[in-house]
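Residue numbers (the numbering used here): 303 to 437.
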């Protein structure tokens, strides 16, 4: 199970639920959901699907609609969209900054200095400061 999955999931979908191991995944999810605080207003449902056969798709659609209605009733839909958009923007900015930062001169400097960090002759912070001075 991926770390953080329980904090962000609104609905768990087990696709290819006819395959070996699907029941084990469902049991693991159920056990983890039992560990959630009892005061949570929405408990993520677990929906089994076999998408290539169209099985469980109607149930999944109904579950998504129920969750949407829940968010609207609790005025959480706007908040959820707001935070999702904010997170996406942060991710895109971080990605763009990182791509623009790592030019060939900075890569060379990193390659030249990494052994100094490994051998504790220079701190990572000091190298970062030097990298930022390179244009």
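Idealized CB from N, CA, C, for every residue including glycine. Computed from a prediction, not measured in an experiment: that's the story for all the values here.
Only buried fits residue 319, as 16 or more other CB atoms lie within 10 angstroms of its CB.
In this structure the region 327-338 does not touch the region 394-412; the number of beta carbon pairs closer than 8 Å is below three. For residue 350, no alpha helix (DSSP H) segment is defined; the enclosing uninterrupted segment is the beta strand (DSSP E) at 348-350. Inter-residue distance for residue 392 and residue 424 is about 30 Å (C-alpha atoms, whole angstroms).
Cβ contact annotation for residue 370 (same chain, cutoff 8 Å, sequence separation greater than five): 379, in chain order. Under the 10 Å beta carbon count, residue 345 is surrounded by fewer than 16 other beta carbons and is classified as exposed. Straight-line spacing of the CA atoms in residue 325 and residue 353 works out to 16 Å.
Taking 4 residues as the minimum length, the alpha helix (DSSP H) runs contained wholly in the region 356-428 are 359-375, 379-403, 406-420, in order along the chain.
Counted as a single uninterrupted DSSP element, the beta strand (DSSP E) harbouring residue 316 occupies residues 314-316. In the three-state scheme derived from DSSP, where H, G and I count as helix and E and B as strand, residue 333 is classed as helix. Considering only 377, 350, 349, the residue with the shortest C-alpha distance to residue 343 is 377.
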